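In my numbering, the protein residues as written are 33 to 115.
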């Protein structure tokens, strides 16, 4: 009985170790999608939307992004194509 319990515990922990939440992908945009300003690397703000991390020049731009994400996601995608 103890062996069965021990085996079940080991299997349970093995399954838990394998479960990891999906990691968000940083899109790496160098220009703020809201203002169009170049993003300063050491002063940037970030926001995760639908599994992707977007960079912004300031917290106010994140608020604008949240109000209309489709508009700004499209801008970032166009920027990525141009590089």
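A virtual CB, placed ideally from N, CA and C, is assigned to each residue, including glycine. Just so we're clear, the structure is a prediction, and the values are computed from it rather than from any experiment.
Is residue i buried or exposed, if buried means 16 or more other CB atoms sit within 10 Å of its CB?
i, result
"residue 51", "Because residue 51 carries a pLDDT of 49, less than 50, the predicted location of this residue cannot be relied on, and the following value inherits that uncertainty. Classification for residue 51: exposed."
"residue 100", "exposed"
"residue 74", "exposed"
"residue 108", "buried"
If residue i and residue j are in contact, beta carbons under 8 angstroms, what's the gap, nearest whole angstrom?
i, j, result
"residue 57", "residue 94", "That pair is no contact at about 18 angstroms."
"residue 111", "residue 72", "At roughly 16 angstroms, the Cβ-Cβ gap does not stay under 8 angstroms, so residue 111 and residue 72 are not in contact."
Of the choices the options, whose alpha-carbon is the least far from that of residue i?
i, options, result
"residue 80", "97, 36, 38", "97"
"residue 88", "38, 61, 43", "61"
"residue 55", "83, 37, 33", "83"
"residue 104", "65, 37, 35", "65"
"residue 90", "59, 36, 109, 67", "67"
Could you tell me which uninterrupted beta strand (DSSP E) segments, each at least 3 residues in length, are contained entirely in the segment 62-93, listed from first to last along the chain? Listed in chain order, the complete beta strand (DSSP E) runs (minimum 3 residues) inside the segment 62-93 are 77-81, 84-88.
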